[in-house]
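Undergrad: Residues 1 to 202 in my numbering are what the sequence shown spells out, letter by letter.
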Amino acid sequence: MAEIEKQKWTDIAIPQTTTTVYEALHQRRMAWNFENRDVPRDAVERMLATSVWAPNHKHTEPWRFFVSTKHSAHRQRIADFAEKGILARNSEDTRMASAQREWTLKQPLIIFAYSVPAEREDITKENYAAVVCALHNISLSGVAEGLAVTWETGGIAKLPGLAEAVGGDPDWALVSIATVGYPDEESPSSRTPVSEFVTWAE
Ligand SMILES: Cc1cc2nc3c(=O)[nH]c(=O)nc-3n(C[C@H](O)[C@H](O)[C@H](O)COP(=O)(O)O)c2cc1C
Numbered sequence: 001m002a003e004i005e006k007q008k009w010t011d012i013a014i015p016q017t018t019t020t021v022y023e024a025l026h027q028r029r030m031a032w033n034f035e036n037r038d039v040p041r042d043a044v045e046r047m048l049a050t051s052v053w054a055p056n057h058k059h060t061e062p063w064r065f066f067v068s069t070k071h072s073a074h075r076q077r078i079a080d081f082a083e084k085g086i087l088a089r090n091s092e093d094t095r096m097a098s099a100q101r102e103w104t105l106k107q108p109l110i111i112f113a114y115s116v117p118a119e120r121e122d123i124t125k126e127n128y129a130a131v132v133c134a135l136h137n138i139s140l141s142g143v144a145e146g147l148a149v150t151w152e153t154g155g156i157a158k159l160p161g162l163a164e165a166v167g168g169d170p171d172w173a174l175v176s177i178a179t180v181g182y183p184d185e186e187s188p189s190s191r192t193p194v195s196e197f198v199t200w201a202e
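Right under this line is the structure:
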């Protein structure tokens, strides 16, 4: 990658929002049904801009994102890839092949989030952890934009060759296929109170 001048946080025009950090943390929800509404590019740019501020040991910058808009040629190619990939696995799985094709075409916006490996296994693990944080930054900033970010690691994420089909390198690790859109549902999510998992060790 060409050498590009780094930015400090003071160089950034931080988007103004009334959503507090704690609201974003508690209110962020994934969604499986989205409104039939385009996702504005400027909102996605603001969300993506937060990703590189994730904690990242040794600043390896391991994140690689591919943003696939709904009616793009890229999306069509991924839908073709999905259909063919399912059929290559099992030629009788025609229903699953068309379901995955439809799923791919239907998502308002998709971010394919990858982590690049390092020469050492421990750094490869740290890289992966950093990209998880980066994608979570994108998810949390989505709250301020009214957008849900849904992580998928099943379905087409499991198909061999996805990284190359998306535009990446074969050895990159997929962190998630993140679908982005305006949620069209109330999330039923709930959580066990954290006190069940915490020991104040004294
Ligand atoms: C790493 C990761 C992978 C996930 N993969 C899938 C998936 O393949 N399919 C799916 O339906 N949900 C997937 N999810 C969503 C979770 O199953 C879970 O439903 C979600 O975190 C709960 O929603 P909430 O965070 O809004 O409470 C994934 C979440 C994470 C963090």
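Just so you know, even glycine gets a beta-carbon here, dropped at the ideal spot from N, CA and C.
Identify whether E152 lies in helix, strand or coil by the three-state DSSP scheme.
TA: strand
Undergrad: Which stretch, first to last residue, makes up the alpha helix (DSSP H) that contains S141?
TA: If you look at S141, you'll find it in the alpha helix (DSSP H) that goes 121-145.
Undergrad: Please state if the CB of W172 and the CB of Y114 are separated by a distance shorter than 8 angstroms.
TA: yes
Undergrad: Can you give me the Cβ contacts of G146 inside the same chain, cut-off strictly under 7 angstroms, excluding the 5 residues immediately before and after it?
TA: In its chain, beyond the 5 residues on either side, Y182 have a beta carbon closer than 7 angstroms to the beta carbon of G146.
Undergrad: Got a sec: does ligand 1 put a non-hydrogen atom nearer than 7 angstroms to the Cβ of G154?
TA: yes
Undergrad: What does DSSP give as the partner residues of S68 in its beta bridges?
TA: I110
Undergrad: Indicate whether T69 and L109 have their beta-carbon atoms separated by less than 8 angstroms.
TA: yes
Undergrad: On the DSSP bridge assignment, give the partners of F34 in chain order.
TA: P183
Undergrad: Excluding the 5 residues preceding and the 5 following F34 in the sequence, name in chain order all residues of the same chain whose CB lies nearer than 8 angstroms to its CB.
TA: Q107, P108, A148, T179, G181, Y182, P183, D184
Undergrad: Which residues in the same chain have their Cβ closer than 8 angstroms to the Cβ of T94, if we skip the five residues on either side of it in sequence?
TA: For T94, where only same-chain residues beyond five positions count, the Cβ hits under 8 angstroms are L87.
Undergrad: Is the Cβ-Cβ distance between L135 and S189 less than 8 angstroms?
TA: no
Undergrad: Between which residues of its own chain and L140 is the CB-CB distance below 6 angstroms, once the five residues before and five after are set aside?
TA: A24, R28
Undergrad: CB of S176 to nearest heavy atom of ligand 1: below 7 angstroms?
TA: yes
Undergrad: Between which residues of its own chain and H74 is the CB-CB distance below 6 angstroms, once the five residues before and five after are set aside?
TA: S68
Undergrad: Using a Cβ-Cβ distance cut-off of 8 angstroms, determine whether A165 contacts chain C.
TA: This model lacks chain C altogether, as it is built from one protein chain only.
Undergrad: In or out: R46 buried (at least 16 other Cβ within 10 Å) or exposed?
TA: Buried, by the Cβ-count rule.
Undergrad: At which residues does the alpha helix (DSSP H) containing L48 begin and terminate?
TA: 41-51
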